[in-house]
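The structure under discussion appears below in the form of structure tokens.
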Amino acid sequence: MALHLFDTETRDVREFRPARDGTASMYVCGATVQGIPHIGHVRGALNYDVLRRWLVHNGLDVRMVRNVTDIDDKILTKAADAGRPWWEWAATHERAFEEAYDALGCLPPSIAPRATGHITQMIELMQRLIDKGHAYAAGGDVYFSVTSFPGYGALSGQRLEEVQQGESQAEGKRDPRDFTLWKGGKPGEPSWPTPWGHGRPGWHLECSAMATNYLGEEFDIHGGGVDLVFPHHENERAQSRAAGDGFARFWLHNAWVTLSGEKMSKSLGNVVSIPQMLRRFRAVELRYYLIQPHYRSTIEYSDEAVTESAQGYRRVEQFLRRAAAGTDAVRIGTVPGEFAAALDDDLGTPQAFAVLHNTVRDGNAALDAGDAAKARELAETVRAMTDVLGIDPLSQRWAESSGVEAKALGSLVETLLARRQQARAERDFAQADAIRDQLVEAGIAVEDTPNGPLWTVRD
RNA sequence: GGCGGAGUGGCCGAGUGGUUCAGGCAAGGGCCUGCAAAGCCCUGUACACGGGUUCGAUUCCCGUCUCCGCCUCCA
């Protein structure tokens, strides 16, 4: 079965066929860099990272754009409140997002373009829209004429009569449902020159301008959180299609992370930030937790759930460590058909994880039965699956045996374990257990295997 | 008001018109172990409520209740 994805525009799961053979182009709405990233922000990025890895795994050359909105009302007001330049505020938080994405193992996008770097493209797009009668300038602002585009509302299922942009009722709008492409400059605010006067970008324009700039007038996948369906993506779609661009062929939307049943958002004060999370959980465990549920299902966050889910990851990790002990490196094998079928079915990560765990169980059983060849083969299969999911415990990225501190610790632990093995050989179990207790006390779990003791740092 | 999502066993979280099943975590029993740990095996009979369709519904249809999201910046 070939990859199928749920497209918000058509409201069904369709076969994904890229516009150009052998390549796939993705545009993902990134952050408005106004604050510190929380797990909700990262959840979406992780979903698209898994999709991207799956496309790459299937031999496609993926071009991925994740934008940075570095100019908007909130950035301006927050920076002003903090007494900092708006551009510094934006840059600071852009870095925080980059760090969060990277910490959780998101592959870097092909490019992360900033809105402020693409004013030229925005002006060109506005000009095209004005030339075609889909937009008009009024009092320094530029508006998109919603009624001029017949398909308006099709993406979000809104009827034109019911549409409310929510934008403040601007003076120059011919129709209250029209939305703002460009905001006329105000004193003290950053602005850029245009044929219609100085000003700054409206929210929606940047994505259309940047997506087509990097991916062409028609591209494969446009992703973002469900809250972006209306008005953001509806408006993007309207302005690009009205300008004559094919624009996105698939619209993907990921669901929320909620806390106590409510959407995580700064205004509710129920935000769990990434830096805060990383102090309490391993990044790979957090990643595992966030990508296991289906991307269109809401995740109800709780500390307990992350802790439990981490146990699941450790089970996989432990199997690979056991399988790797005493043999040459375990290579990355090929993914099972069931696993591929799961991901091909609208990125069915829950089923993919089920396949992963079934393989781990079989692998452990093989290990117990002393069937080293089979265990090794299954371990390679497990690595292949975790590699696609970006959680391969043996990868350079997540292996814990790297780093100077880890080496120093390892050396100490090995010394103690050697002493314990000596005591065990002499059947001095009191001494052996005392050493093990000492290690446990220090947060190190020890387990004996036919290939000798394995140790793990536990919290 | 308009649009949309969800209610599954102790918990998280999939899925399907019917026989054996998601998967994980936790729990109980067993095997293994010097003792553990890890692992393996076994056990739990769940699908908000009320109708309807059907030989048969958790799965389809209708209604009810509850929760959540978008329509204001938002991943």
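Here the first sequence is numbered in my numbering, starting from 3 and rising by one per residue. By construction, the Cβ of each residue, glycine as well, lies at the ideal position given by its N, Cα and C atoms.
- A contact is defined here as three or more CB-CB pairs under 8 Å, and the region 283 to 292 meets this definition with respect to the region 309 to 322.
- In the DSSP annotation of this structure, the continuous segment of the beta strand (DSSP E) that includes His255 starts and ends at Phe249 to Asn256.
- When secondary structure is reduced to three states using DSSP, Ile38 falls in the coil class, being assigned neither helix nor strand.
- For the region 287 to 312, the full-length beta strand (DSSP E) segments reaching 3 residues or more read 301 to 303 along the chain.
- Non-local C-beta neighbours of Leu207 in its own chain, meaning closer than 8 Å and more than five positions away in sequence, comprise Met124, Leu127, Met128, Leu183, Trp184 and Gln241, ordered along the chain.
- Rounded to whole angstroms, His40 and Asp346 show a C-alpha spacing of 29 Å.
- Annotated three-state conformation of Pro203 is strand, per DSSP.
- The way I'd put it, the region 245 to 262 does touch the region 218 to 228; three or more beta-carbon pairs between them come closer than 8 Å.
- DSSP places Ser413 in no beta strand (DSSP E) but in the uninterrupted alpha helix (DSSP H) bounded by Val406 to Ala427.
- Look at the beta carbons and you see the region 294 to 301 touching the region 258 to 267: at least three pairs across the two are nearer than 8 Å.
- The straight-line gap separating the alpha-carbon atoms of Val406 and Phe252 is approximately 46 Å.
- Glu319 counts as buried, since no fewer than 16 other beta carbons sit within 10 angstroms of its beta carbon.
- Ala140 sits in a strand when the DSSP states are folded into three classes.
- Annotation for His6: the continuous beta strand (DSSP E) segment containing it runs His6 to Asp9.
- Bridge partners of Gly226 according to DSSP: His255.
- Relative to Thr388, the option among Asn360, Gly365 and Phe355 whose CA is nearest is Phe355.
- Runs of the alpha helix (DSSP H) lying entirely within the region 40 to 125 and spanning at least 4 residues, in chain order: 41 to 59, 75 to 84 and 88 to 105.
- Going by C-alpha positions, Gly142 is about 25 Å away from Thr214.
- Sequence-distant Cβ neighbours of Ile132 in its own chain, meaning closer than 8 Å and more than five residues away, are Tyr138, Ala139 and Val144.
- Under the three-state reduction of DSSP, Phe221 is assigned to strand.
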